[in-house]
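Under the working numbering, residues 921 to 1129 are what the sequence shown spells out, in order.
Just so it is clear, CB atoms sit at the ideal spot from N, CA and C, and this is done for glycine as well.
Here is the structure we will look at, set down as structure tokens.
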Amino acid sequence: MKSTRPPRMSGPERRGQLLEAARTVFARDGYRATTADVAAAAGVSEALVVKHFGSKERLFRAAIVEPIVQLVEWALREGRRTVENAEALDPAGHLERLITFGATWGALVREHRGLLLSALRDSAAFPQDAAQLHAKVRELLDGLARMLERFSGREPFTAFDPRASVYAGVGALTIGALYADDPVAFARGYFEMTLLGLLTPEGRRALGR
């Protein structure tokens, strides 16, 4: 009788399997989880995990920290697209762009919920990587704020503090993505409320409010 053993995984396939197991384990147990726990979840030996990643610290960085850095870098790129040529938009166009950005951000945060909560919970255990994450998030927030500066006090907007608006907005969207029943509906409601507060009377009339 022929063996029904599954085909041998390639190196990249095995690495992907181990990363997926590590994300599940670290999201559940935090940084206190061990390489043995990850190996058990993946159904392999601990030696194989160490062979691929060298240490728990490197595994945690690859499984948790690097995907979050990529998420933040995506948000910065999308933020640039959101404000690109935005001067030509009417208030309804601004609203739809913001909702699209917020809904996509919310979906990604919801998808990576375990990674984000694990990084927040265990940042004291990996101070160098945590510092990198904090710097990357600040780069995102301050970059978005600089993009918004040119809209403050320019029709159809009243004068506003771009930095405060961005920090409050990204914070609200992230909390909504993590805990709201419907992150997309949350993003729409949040931006409708916020945009009304930033528009001039003429801008609100153009929006039909």
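Point to revise | C-alpha distance - F1111 paired with I984, whole-angstrom precision | key: By 1-based counting over the sequence shown, the position of residue 1111 is 191. By 1-based counting over the sequence shown, the position of residue 984 is 64. So the alpha carbons of these two residues sit roughly 30 Å apart.
Review point. By Cβ distance, which residues of its chain are closer than 6 Å to A1097, with the 5 residues on each side in sequence left out?
Key: As a first step, residue 1097 must be located in the sequence shown, where it is residue number 177. Closer than 6 Å at Cβ, skipping near neighbours: G1026, V1029, R1030, P1103.
Review point. For L1119, which of helix, strand or coil comes out of DSSP?
Key: Taking the first residue of the sequence shown as 1, we reach residue 1119 at position 199. Three-state DSSP puts L1119 in a strand.
Check your understanding: Is there contact here, the region 1033 to 1052 with the region 935 to 952, by at least three beta-carbon pairs under 8 Å?
Key -> yes
Exercise for review: Closer than 6 Å by C-beta to R1108: which residues in its own chain qualify, once you throw out the five before and the five after it? Chain order, please.
Suggested key: Taking the sequence shown and counting its residues from 1, one reaches residue 1108 at position 188. These residues qualify, in order along the chain: I1019.
Practice item. Report yes if the C-beta distance between L1060 and A1100 is below 7 Å; otherwise report no. Key: Start at 1 with the first residue of the sequence shown, and residue 1060 comes out as number 140. Start at 1 with the first residue of the sequence shown, and residue 1100 comes out as number 180. Result no, Cβ atoms of L1060 and A1100 do not sit closer than 7 Å.
Practice item. Please list, in chain order, all residues of the same chain as R1066 whose beta carbon is under 8 Å from its beta carbon, the five residues on each side excluded. Key: As a working note, residue 1066 is residue 146 in the sequence shown. Hits under 8 Å: P1082.
Review point. Taking 7 Å as the CB-CB limit, is L979 close to chain D?
Key: The question asks about chain D, but that chain is absent: this structure has only one protein chain.
Check your understanding: Which word fits I988, buried or exposed, when buried means at least 16 other C-beta atoms lie within 10 angstroms of its C-beta?
Key -> Within the sequence shown, numbered from 1, the residue matching residue 988 stands at position 68. By the neighbour-count criterion, in which a residue is buried when 16 or more other Cβ atoms sit within 10 angstroms of its Cβ, I988 is buried.
Exercise for review: Figure out for me which residue from G999, D1049, E1016, R935 has the closest Cα to the Cα of E977.
Suggested key: Here residue 977 refers to the residue found at position 57 when the sequence shown is read from its first residue. Checked all of G999, D1049, E1016, R935; the closest Cα to E977 is D1049.
Review point. What residues in its chain sit with their C-beta under 8 Å from that of A1023, if we drop five residues either side in the sequence?
Key: On the sequence shown, position 103 is the one that residue 1023 refers to. P1103, V1104, A1107, R1108.
Review point. Can you tell me the Cα-Cα spacing of F1046 and L1015, whole angstroms?
Key: Within the sequence shown, numbered from 1, the residue matching residue 1046 stands at position 126. Within the sequence shown, numbered from 1, the residue matching residue 1015 stands at position 95. So the two alpha carbons sit approximately 39 Å from each other.
Exercise for review: Rounded to whole angstroms, what's the CA-CA distance from R1070 to L1037? Just pull it up for me.
Suggested key: Taking the first residue of the sequence shown as 1, we reach residue 1070 at position 150. Taking the first residue of the sequence shown as 1, we reach residue 1037 at position 117. Rounded to the nearest angstrom, the two C-alpha atoms are 34 Å apart.
Check your understanding: In whole angstroms, what separates the C-alpha of V1090 from that of R1058?
Key -> As a first step, residue 1090 is located in the sequence shown; it is residue number 170 there, counting from the start. As a first step, residue 1058 is located in the sequence shown; it is residue number 138 there, counting from the start. Whole-angstrom Cα-Cα distance: 11 Å.
Check your understanding: Relative to the C-alpha of A1051, which residue among S975, R981, A1006 is closest?
Key -> Along the sequence shown, one-based indexing puts residue 1051 at 131. That would be R981, whose Cα lies nearest to the Cα of A1051.
Exercise for review: Within the region 1003 to 1033, note down every full alpha helix (DSSP H) run reaching 4 residues or more, in order along the chain.
Suggested key: 1011 to 1031
Review point. By how many angstroms is the C-alpha of T955 removed from the C-alpha of F1077?
Key: Residue mapping note: residue 1077 aligns to position 157 of the sequence shown, counting from 1. Residue mapping note: residue 955 aligns to position 35 of the sequence shown, counting from 1. Across the structure, F1077 and T955 are spaced so that their CA atoms are roughly 53 Å apart.
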